[in-house]
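Report on the following structure.
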Amino acid sequence: MTRAEEQDMTFQTERDIQDYIETRLKQRGIPVEREVVCGKSDVRADLVTPDTVIEVKKYLNRNAIYQAIGQGSTYQKYLNKPKLLVIGLAPISLSAYQQAERLAADVQTPRLQVVFIDRDPRWGVQPVQLPAPPQPTRAKPSPPQKTSPQVDWFLLLLAFLLFLLLRMLGIGTRLPAPLPAPVPPRPDAVEPPS
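Under the numbering used here, the letters of the sequence shown match residues 1107 to 1300, in that order.
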């Protein structure tokens, strides 16, 4: 069983991640509220601490990060919380993880944190081993293609006929007109005062 499969067994849903985070925060003595209603609408913040809205996504790919930031910012406004924590698992694909990691680094501020729960040792989750990036393969140069003598003669004849046709039409035989010689200044011209 791969680490990704083990991780999926531990966190099969977003709710499993919420349960885990809530337990960890309470173990540290941090009060946590769950599914907090925001404003008059039916939207709910996943988890809320005294100063932070926590928006949980199962996998934090680029789209999930953008969505979580949008949702969390709305919840922050309604709940008047200064900080937002976006948290979830790192994407399993190496390229998706690298993209998400770059985005997370770009959006982080003291008031906005993006955490890959399985990549941050503070959360105590075993990291998923991502596959190594594929190594580029070098293609062997193909040997030059040999053509038959008939094809060579045909191509030579075709090139010669094209040359004759262009000559008959006058294309490519004319030289460009020379540039005009510079005009010398007139001796009677008045120089401007300096």
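From the three backbone atoms N, C-alpha and C, an ideal C-beta is built for every residue, glycine too.
Does F1269 come within less than 8 Å of chain B when only Cβ atoms are used? Of the protein chains in this structure there is only one, and it is not chain B.
T1158 versus K1187: straight-line alpha-carbon distance, rounded: Cα to Cα, the separation comes out at about 6 Å.
Among the residues of its own chain, which have a CB less than 6 Å from the CB of L1190, if the five just before and after it don't count? These residues qualify, in order along the chain: V1159, G1178, Q1182 and L1218.
In the DSSP assignment, the alpha helix (DSSP H) including G1178 goes from what residue to what residue? Residues R1168 to L1185.
T1119 versus A1170 - alpha carbon distance: The C-alpha of T1119 lies about 14 Å from the C-alpha of A1170.
CA nearest to the CA of D1224, picked from K1163, Q1214 and P1288: The shortest C-alpha separation from D1224 is found at K1163.
Compute the Euclidean distance between the alpha carbons of T1155 and E1161, then round it to the nearest angstrom. Cα to Cα, T1155 sits roughly 11 Å from E1161.
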